[in-house]
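Chains as they are written, first to last, in this note's numbering: chain A, 13 to 281; chain B, 49 to 173. Reviewing the structure listed below.
This is the structure in structure tokens:
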């Protein structure tokens, strides 16, 4: 991999970023490769984007909880619901902007390379995400929506209001994840040799796997409806969360590591 | 993997065409495999869309790939059939060589001359 710095990269590469890139290579079984400014820049921008994404998600959950609390104590439910819908749109926009930022940094880093490497056959969602993760993500989303809708059986306006908030949040998170997954699949490759091409695939696989880990889908129903819904619903929400957690652990334990998955994705070409 | 070196004296479209053609001939890219779209591969390799388009066009003219409208470009079965025909012709030729008693070295020279049009006449003369 090239060891040249990126004078116009945004933001610049720090020694700390290079050190972290070295650690990342060792952790991913690529200890023989040297950490390069290309890799350090790409990892650093992803770390920051991921952190910002987590903060945004936390803010969305808090906004949903505040909207529900507001509706419980004051009798003007449409207003907080609108604010929450606007927050969800804002969350999606910020996610899109974060993706655009990552792409821009990737593009600038790529523009400095004199050699460019790419796949003759583009790895698809099966290679990057894999059926177990895709099925798990779809099932978790469907489960969360069914759980939310099942609470409508209760003839209580407060519960219905919470369900409306929950559905807005769930669909916001779902659309955001789908958009990010699409972006992962179509984002141009940034590589100059086999090692950086493997690193590129590993980053995509890890991003895709993290995207499909349904922590928010587990958290939102509990945050919004736990307590106000009947006992059977509370029990169902806990079972949904525990079952999801166990499935997630089993999938993570039984699926190949990101390096193995990356090598498999590249070998089928 | 496809690698394009901007510092190479070989034009980028030729680097791309050669590498794809070799991978198809070596069967690393199997018949029916869907190649990336021109726009996507151009973005991956930092090339102009026309450059990738020219490489694809030449591969298509050589019968190595085929474009199926909006579905994209695929590795063609025609190239595979061509190689099978060449193998069959080589086997027939080897049988003729054995039957008339020509040695292997001379048989190879005859083939080389046949593959180089200018020399074919001198060998037959």
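Every residue, glycine too, gets a C-beta built ideally from N, C-alpha and C. On a predicted model such as this, the values are computed, not experimentally measured, just so you know.
Taking 8 Å as the cut-off, the beta carbon of residue 220 of chain A is found closer than this to the beta carbon of residue 193 of chain A. Taking 8 Å as the cut-off, the Cβ atoms of residue 175 of chain A and residue 160 of chain A count as close.
For the region 112-135 of chain A, the set of positions with a beta-carbon nearer than 8 Å to some beta-carbon of chain B reads 122, 123, 125, 126, 127, 128, 129, 130, 131, 132, 133 and 134 in chain order.
When A:184, A:227, A:133 and A:168 are compared, the shortest CA-CA separation from residue 49 of chain B is found for A:133. With distances taken between CA atoms, residue 124 of chain A lies nearest to A:202 out of A:29, A:202 and A:244. Secondary structure at residue 124 of chain B: coil, using DSSP grouped into helix, strand and coil. As summarised for the region 78-143 of chain B, the continuous beta strand (DSSP E) elements at least 3 residues long and confined to that stretch are 113-115 and 121-123, given in chain order. The DSSP assignment places complete alpha helix (DSSP H) segments of no fewer than 4 residues inside the region 114-150 of chain A at 137-140, in order along the chain.
Excluding the 5 residues flanking it on each side, residue 107 of chain B has same chain C-beta neighbours closer than 7 Å at 65, 68, 69 and 113, in chain order. The C-beta of residue 209 of chain A comes closer than 8 Å to at least one C-beta of chain B. Contact between the region 72-90 of chain B and the region 117-129 of chain B is established, with three or more Cβ pairs separated by less than 8 Å. DSSP links residue 50 of chain B through a beta bridge to A:130. Taking the C-beta atoms as reference points, residue 277 of chain A is found nearer than 8 Å to residue 135 of chain A. Within a 10 Å sphere around the beta-carbon of residue 212 of chain A sit 16 or more other beta-carbons, which makes this residue buried. According to the DSSP assignment, residue 76 of chain B belongs to no alpha helix (DSSP H), since it is labelled neither H nor E.
Shortest Cα-Cα distance from residue 40 of chain A to any of A:226, A:265, A:215 and A:227 involves A:215. In the structure shown, residue 44 of chain A adopts coil according to DSSP, grouped into three states.
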